[in-house]
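Student: Below: one structure in structure tokens.
2 protein chains.
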Amino acid sequence: MSLLSRSSVFNFAKRGFASSSKIPDLTKDRYPVKRGNYAIINDQDVAKFESILEKHRVITGEETQGYNIDWIGSVRGSSNVVLKPKTTEEVSEILKYCNSRKIAVVPQGGNTGLVGGSVPVFDEVVISMSLMNQIERIDEYSGIVRCQSGVVLEALEANVREKNLCVPLDLGAKGSCHIGGNVSTNAGGLRLIRYGNLHGSVLGVEAVLANGQIMNLMSNFKKDNTGFHLKHLFIGSEGSLGIVTKLAIHCPTAPQAVNLAFVGVENYQNVLDTFLLAKKELGEILSSVEMIDELSLGCSTTMCNIQSPLQTYPFYMIFETSGSNNAHDEEKLTNFLNNAMEKSLVADGVVTNESAKMKTIWEMRERIAESLLKMGYCFKYDISLPLSHFYEIVPVLRERVGDLAKIVCGYGHVGDSNLHLNVLCDSFNKEIYSLVEPFVFEYTSKLNGSVSAEHGIGFHKPKYLHFSKSKEAIDMMRQLKTLMDPNEILNPYKVLPPLNK
Amino acid sequence: MSLLSRSSVFNFAKRGFASSSKIPDLTKDRYPVKRGNYAIINDQDVAKFESILEKHRVITGEETQGYNIDWIGSVRGSSNVVLKPKTTEEVSEILKYCNSRKIAVVPQGGNTGLVGGSVPVFDEVVISMSLMNQIERIDEYSGIVRCQSGVVLEALEANVREKNLCVPLDLGAKGSCHIGGNVSTNAGGLRLIRYGNLHGSVLGVEAVLANGQIMNLMSNFKKDNTGFHLKHLFIGSEGSLGIVTKLAIHCPTAPQAVNLAFVGVENYQNVLDTFLLAKKELGEILSSVEMIDELSLGCSTTMCNIQSPLQTYPFYMIFETSGSNNAHDEEKLTNFLNNAMEKSLVADGVVTNESAKMKTIWEMRERIAESLLKMGYCFKYDISLPLSHFYEIVPVLRERVGDLAKIVCGYGHVGDSNLHLNVLCDSFNKEIYSLVEPFVFEYTSKLNGSVSAEHGIGFHKPKYLHFSKSKEAIDMMRQLKTLMDPNEILNPYKVLPPLNK
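Listed in order, the protein sequences are those of chains F and A.
When the letters of the first sequence are read in order and numbered with UniProt numbering, they come out as residues 1 to 501.
When the letters of the second sequence are read in order and numbered with UniProt numbering, they come out as residues 1 to 501.
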């Protein structure tokens, strides 16, 4: 495994950064995609929407632009209508009408997705869930929380904290993303290693089908084995089988103490062995295990003016513990680090539970994506790989794209085998595009990896789905789509590959 | 809330016990059920099965009896053919043939189910998974384990322990039940409060559809968002959408230390408040929270000759901790108990980490079901209820059945809102049956509870499914059944109510 020389990390400033505020090309111009046979919205349709919602909750014209562009500026749709329902019944009425007219729709949460799944491809009506933000109930005994799907993750967290609970999900976009969007995309994030995935935590959903039918699959219980577990059809299917309007989620006890270790590591094998040691010694208090390579850390520290507490290393790791007794947790974490140093797994490290210092460490990790975006156009990949081959794709790809890219770097949730791989260039560039895709997916597939770990398939990856899923599985997905959304009005051009591929 | 007088617990012996070894009536005689329009097995069919499998893996005649009767002796089928495949391909060949001939089949794991789901109702061919017991891979870094579905839970646990991992599931039947059966029924068990449910832990399945098609939905990753999450269709659908042949499951780090507290509690409100205190003070090390009422404890201690370390109380609770540092865990547990005693939540208690003593405590809990069975015929209910109303159904039902029942008692996973409610009588008795059903389900439904928490629907509960699921949800289940098993050969008469109901 080769690495760029250490000094490269300091060269960012010299290479110059492209502006990220440029409005991207229209999706239909940038990508080879053909509009489906859907109705084109007319004044009567708008009038109908205004009759279902209040007039000011039907947005048209200029104001719709923000809803047409994704966060990373990779796609841009041309929808002229954004609807803002407040109730499940309104969503039901909207879909019933759209289905009868064969009007395509795209449900949109916080629009923080990274695969172009949350904005229109053409002129689909945007159904923004932002006003469906009511928290219905927080039960401190059982830890079960019921809310509408448009509640912002950070707001949900703040509310459940008052009852000594925490949301079993945390990710960089928490200030914008909706819990319903998280559920619809089966978001993973930073603490999956501790609290598990949303298929485990979400106990019930209410979803509206394409024909407007409301499916009440809510449950207040962690144990509820009554028939087929239909709710999972809506968790992670990215709004293409129904629109999630409400959910029940189990929130564990909030930790009383959080500690963070930030360490420098000389090589990838040591990353792996340090992780194994942490699993053993930190066991139940381990709440995050992140890896950041040298170039990735260079991006966030440089672009966001953050002073790293460590000197330069090829790899960095973050270990977070969350527990109920700070003295116990500190003792475990210190013992773990001492052992890791003694075994020469870790070259240097800092431990802290001061919130300002923890914030700085997390910013170095969480602001990498944003920093890369500021620096130009970024091809982003989110893959799961066997830990034994986890990092080797980074140097391989670096060599493959050579000087065409400004930076090729990798970071991510190593504790969950999830790598975020980034190829940064000045602007969208077809030559690099053809060098990295489908190469990254083929490489991943050869290692039986997943071509989408936590970001989903969205608009960008349907044609690569077959690298991770068998023909039989894709056929069954299609059968389910036909069963549940025969007119294919829900989030078209996403998730499933077109039939002729 | 009223309770029977304390002395009642000592009256078991005087009441006399029915024999549990009696062969139950045939299901078709005891229950109003009509055979479906399936083929009747002939010699040619048997010859075909013998050509797919080795001859000695096709069981006919007398030896099939054990496969026809469920563990609690509530149902008895009349199948004359039991098949024992060793590979997925053999399962595929069997189903392909059965589907073409319209021969009904019932998949069978360890046959430890409690809702009559794992044995034939009439003459369905039994597909026993007992020889599909190979463990394919245990990855100590990621904790991911791949195995065939017929591995006995206890054997799987023993194997993963060698790599410092543990199976995220534990239940009384662990010595017999199969991990594939656990997955197919979405088994819950004793440690769900710590490790979550199988929808979260199971990362992939391989299943064979009714037509013999092999669905490879295996994954080696905790994060894998590639299309609809189809595997959940097979988790908890009780073999009625496909037969699970292989699975990948995430196994967490094995605990280094286990401690147990067994406490006596004077009333249900104190049970609840003690639980809340435990959640706060034991947080991440809490691995089990059980409640046992006085009569339930009396059953196991009397029938299994166990000496309880505590005197008699209306309620008992078990708190188990599992952690990575025994000194820390002991300190937390002792602090918790001292606080609970100071607040007068707990009347008396013992703490131990000696394995013999822990075994005794767990036996008092785990052998209740077996003890009840030894004492006569037991109507068993497995319901989830809001914690605020968790126990009140027990005295209500006790009053309702009066002297007709020998014992009405409740115990269960209070930490997961899951009550095991039992009505014991000498033998199956239609008068009691009509008093308890549908009463229990109606009562549960009024509280928005679940009519099956962890045992599933099986043969006994399809007609009660509507108490927990909406018409729309049941309709969609039926549509999925039709899509995936149009001839309805997979585990018929189970899970879904008949169409004319």
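Each residue gets a CB set at the ideal place from its N, CA and C atoms; glycine is no exception.
Going by the beta-carbon positions, is the gap between T185/F and G110/F smaller than 8 Å?
Tutor: On the first sequence, position 185 is the one that residue 185/F refers to. On the first sequence, position 110 is the one that residue 110/F refers to. Contact flag unset, no.
Student: Could you check if S300/F is buried or exposed, using at least 16 other CB atoms within 10 Å of its CB as the buried criterion?
Tutor: Here residue 300/F corresponds to residue number 300 of the first sequence, with the count starting at 1. Answer is buried; the Cβ neighbour count reaches 16.
Student: Under 8 Å between C-beta atoms, does M1/A make it to chain F?
Tutor: Taking the second sequence and counting its residues from 1, one reaches residue 1/A at position 1. Note that M1/A has pLDDT 26, beneath the 50 cutoff, so the model's placement of it is unreliable and the number below is only indicative. Chain F contact via Cβ: absent.
Student: Please go through the same chain and pick out, in chain order, the residues whose beta-carbon is closer than 6 Å to the beta-carbon of D273/F, but skip the five residues on each side of it.
Tutor: Within the first sequence, the letter at position 273 stands for residue 273/F. For D273/F, where only same-chain residues beyond five positions count, the Cβ hits under 6 Å are L345.
Student: So is G175/A buried or exposed if we call it buried at 16+ other beta carbons inside 10 Å?
Tutor: Reading the second sequence from its first residue, position 175 is the one you call residue 175/A. It is exposed - the Cβ of G175/A has fewer than 16 other Cβ atoms within 10 Å.
Student: Within the same chain, show all residues whose beta-carbon is closer than 6 Å to that of E281/A, passing over the 5 residues directly before and after it, in chain order.
Tutor: Here residue 281/A refers to the residue found at position 281 when the second sequence is read from its first residue. Result list for E281/A: F336, in chain order.
Student: Which term fits Y313/F, buried or exposed, when burial requires 16 or more other beta carbons within 10 angstroms of its beta carbon?
Tutor: On the first sequence, residue 313/F is found 313 positions in, with the first residue counted as 1. It is buried - the Cβ of Y313/F has at least 16 other Cβ atoms within 10 Å.
Student: Strictly under 8 Å for the Cβ-Cβ distance: is S445/F near chain A by that measure?
Tutor: To locate residue 445/F, count along the first sequence from 1; it is residue 445. Taking Cβ atoms only, chain A never reaches closer than 8 Å to S445/F, which makes this a no.
Student: Would you give the residue range spanned by the beta strand (DSSP E) that S287/F belongs to?
Tutor: As a working note, residue 287/F is residue 287 in the first sequence. Where S287/F is concerned, the enclosing beta strand (DSSP E) stretches over L286 to D293.
Student: Quick one: what does DSSP say D348/A is sitting in, helix, strand or coil?
Tutor: Numbered from 1 along the second sequence, position 348 holds the residue referred to as residue 348/A. In this structure, DSSP gives D348/A an extended state, which the three-state scheme calls strand.
Student: Name the chain A residues that come within less than 8 Å of T301/F, Cβ to Cβ?
Tutor: Against the first sequence, residue 301/F aligns to sequence position 301. Near T301/F there are no residues of chain A at all, since even the closest Cβ is about 26 Å away, more than 8 Å.
Student: Along the stretch 275 to 298 of chain F, what residues have a CB closer than 8 Å to any CB found in chain A?
Tutor: F275, L276, K279, K280, E281, L282, G283, E284 and I285
Student: Identify the continuous beta strand (DSSP E) that holds I249/A and give its terminal residues.
Tutor: Residue 249/A sits at position 249 when you count from the first residue of the second sequence. Where I249/A is concerned, the enclosing beta strand (DSSP E) stretches over I243 to H250.
Student: With a floor of 4 residues, list each alpha helix (DSSP H) that falls wholly inside the stretch 357 to 389 of chain A, ordered by position along the chain.
Tutor: Whole alpha helix (DSSP H) segments, 4+ residues: 368 to 374.
Student: Secondary structure at L499/F, three-state DSSP: helix, strand or coil?
Tutor: Here residue 499/F refers to the residue found at position 499 of the first sequence. Under the three-state reduction of DSSP output, L499/F falls in the coil class, being neither helix nor strand.
Student: Considering only residues of the same chain and omitting the five flanking positions on each side of L131/F, which have a CB-CB separation below 6 Å?
Tutor: The count along the first sequence starts at 1 and reaches residue 131/F at position 131. Same-chain partners within the cutoff: K84 and K86.
Student: Given V46/F, which residues of its chain have a CB within under 8 Å of its CB, disregarding the five upstream and five downstream residues?
Tutor: Walking along the first sequence from the start, residue 46/F turns up at place 46. Cβ neighbours of V46/F beyond the five flanking positions: V58, T60 and V81.
Student: Measure the alpha-carbon distance for E238/A versus M218/F and round it to whole angstroms.
Tutor: Taking the first residue of the second sequence as position 1, residue 238/A is located at position 238. Taking the first residue of the first sequence as position 1, residue 218/F is located at position 218. Computed Cα separation, rounded: 21 Å.
Student: Could you check what DSSP says for I144/A in three-state terms: helix, strand or coil?
Tutor: In the second sequence, the residue the question calls residue 144/A occupies position 144. Strand at I144/A.
Student: Determine the closest residue to V244/F out of G188/F, A173/F, E162/F and G150/F, with distance taken between C-alpha atoms.
Tutor: By 1-based counting over the first sequence, the position of residue 244/F is 244. Taking only the C-alpha atoms, the option nearest V244/F is G150/F.
Student: Which of the three DSSP states is assigned to L83/A in this structure?
Tutor: Within the second sequence, the letter at position 83 stands for residue 83/A. Strand, per DSSP.
Student: Taking the C-alpha atoms as reference points, what is the distance between S468/F and Y411/F?
Tutor: One-based indexing of the first sequence puts residue 468/F at position 468. One-based indexing of the first sequence puts residue 411/F at position 411. Roughly 21 Å separates the two Cα atoms.
Student: For L496/A and G116/A, what's the separation of their Cα atoms in angstroms?
Tutor: The residue you call residue 496/A lines up with position 496 of the second sequence. The residue you call residue 116/A lines up with position 116 of the second sequence. Between the C-alpha atoms of L496/A and G116/A there is a straight-line separation of about 14 Å.
Student: Does E366/A have its Cβ less than 8 Å from a Cβ in chain F?
Tutor: Reading the second sequence from its first residue, position 366 is the one you call residue 366/A. Cβ-Cβ to chain F under 8 Å: no for E366/A.
Student: Give a yes or no on whether the minimum CB-CB distance between V495/F and chain A is below 8 Å.
Tutor: Taking the first sequence and counting its residues from 1, the one referred to as residue 495/F is at position 495. At least one chain A Cβ lies under 8 Å of V495/F.
Student: Should P486/F be flagged as near chain A, meaning a C-beta pair shorter than 8 Å?
Tutor: On the first sequence, position 486 is the one that residue 486/F refers to. So no, P486/F is outside the interface.
Student: Only counting runs of 3 or more residues, tell me where the beta strand (DSSP E) segments fall wholly within the stretch 17 to 78 of chain A, in order along the chain.
Tutor: The stretch 17 to 78 of chain A contains, as complete beta strand (DSSP E) runs of 3+ residues, the segments 58 to 60 (chain order).
Student: So the beta strand (DSSP E) P107/A belongs to, where does it begin and stop?
Tutor: Counting from one through the second sequence, the residue named residue 107/A turns up at place 107. Note, P107/A: beta strand (DSSP E), V105 to Q108.
Student: Within a Cβ cutoff of 8 Å, which residues of the same chain sit near C166/A, ignoring the five residues on either side of it in sequence?
Tutor: Position 166 of the second sequence, counted from the start, is the residue given in the question as residue 166/A. Closer than 8 Å at Cβ, skipping near neighbours: E157, V160, C251, P252, T253, A254 and P255.
Student: What residue range does the beta strand (DSSP E) around R191/F cover?
Tutor: Along the first sequence, read from residue 1 onward, the residue named residue 191/F stands at position 191. Taken as a continuous stretch (DSSP letters only), R191/F belongs to no beta strand (DSSP E), as it is neither H nor E.
Student: Apply the 10 Å Cβ neighbour rule to M1/F and answer buried if 16 or more other Cβ atoms are within range, or exposed otherwise.
Tutor: Position 1 of the first sequence, counting from 1, holds the residue named residue 1/F. Unreliable positioning characterises M1/F in this predicted model, as indicated by a pLDDT of 26, which lies under 50. The coordinate reading is nonetheless provided below. Counting Cβ neighbours within 10 Å, M1/F comes out exposed, since fewer than 16 surround it.
Student: How many Å lie between F439/F and N418/F at the Cα?
Tutor: Start at 1 with the first residue of the first sequence, and residue 439/F comes out as number 439. Start at 1 with the first residue of the first sequence, and residue 418/F comes out as number 418. One C-alpha to the other measures close to 18 Å.
Student: Pick from L26/A, S142/A and H199/A: whose alpha carbon is nearest that of H229/A?
Tutor: Residue mapping note: residue 229/A aligns to position 229 of the second sequence, counting from 1. Answer by Cα proximity: H199/A.
Student: Hey, quick one: how far does the beta strand (DSSP E) through C177/A stretch, first residue to last?
Tutor: On the second sequence, position 177 is the one that residue 177/A refers to. No beta strand (DSSP E) contains C177/A, which DSSP labels as neither H nor E.
Student: Helix, strand or coil for E354/F? Go by DSSP, reduced to three states.
Tutor: One-based indexing of the first sequence puts residue 354/F at position 354. Correct three-state label for E354/F: coil.
Student: Helix or strand or just coil, what does DSSP make of R6/F?
Tutor: Along the first sequence, read from residue 1 onward, the residue named residue 6/F stands at position 6. Interpretation of R6/F is limited by its pLDDT of 29, a score under 50 that renders its predicted location unreliable; no figure is taken from the coordinates.
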